[in-house]
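Have a look at the structure below, then the notes.
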Amino acid sequence: MTRSMLLLLVFVVNTAATSAQSASDSAGIRRAAVDYIEGWYAGDAARMETALHPELAKRIVSTDSTSSQSRIQQMSAMSLVQGTRSGGGKRTPREQQHKDVSILDIYRGAASAKVVASDWIDYLHLARWNGRWVIVNVLWELTPPRAER
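Note that our numbering has the sequence shown beginning at -19, numbered continuously upward.
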């Protein structure tokens, strides 16, 4: 009887600790993703910078119009922060500023999330860095123009 109670207690404590960590991680991941997309739309470079790891790479695969070959275009954290500061996201009308965030997976200090924005979808890779969640990689894709949707 005592052994059964001990096992039950260990199970309950482990489950509670895992849930608490998971809820805390989810909140941190969501915060980074929301700071990223809302910072972009608001032109808030400081908020954008808070969401990003300094070595972030944001990439899109495109097709070269002359050679029809695939190529990768890349932005750094610095260029993304500068684009935010220059008001790139402020050009999107408020009613079109979509910012749907979904957490796809979390494992220890790594996570994946998806942001559906006005004209594109971002797939984010995040890492727990110095105690907080930051975006390390973004792979993105443009969505079809509104007329085609």
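Cβ coordinates follow ideal geometry from the N, Cα and C atoms, glycine included.
- The residue from Leu84, Arg112, Tyr21, Lys38 with its alpha-carbon nearest to that of Ile52 is Lys38.
- Nearest C-alpha to Leu119 among Gln62, Lys94, Ala22: Lys94.
- Counting only runs that start and end inside the region 42 to 118, the beta strand (DSSP E) elements of at least 3 residues fall at 50 to 56, 80 to 87, 90 to 96, 100 to 109.
- Between Ile83 and Ser6, the alpha-carbon positions lie close to 7 Å from each other.
- Between Gly19 and Arg112, the CB-CB gap reaches or exceeds 8 Å.
- Bounds of any alpha helix (DSSP H) do not take in Thr123, whose DSSP letter is neither H nor E.
- Counting only the Cα atoms, Arg27 lies some 23 Å from Leu122.
- 8 Å or more divides the Cβ of Ser92 from the Cβ of Asp102.
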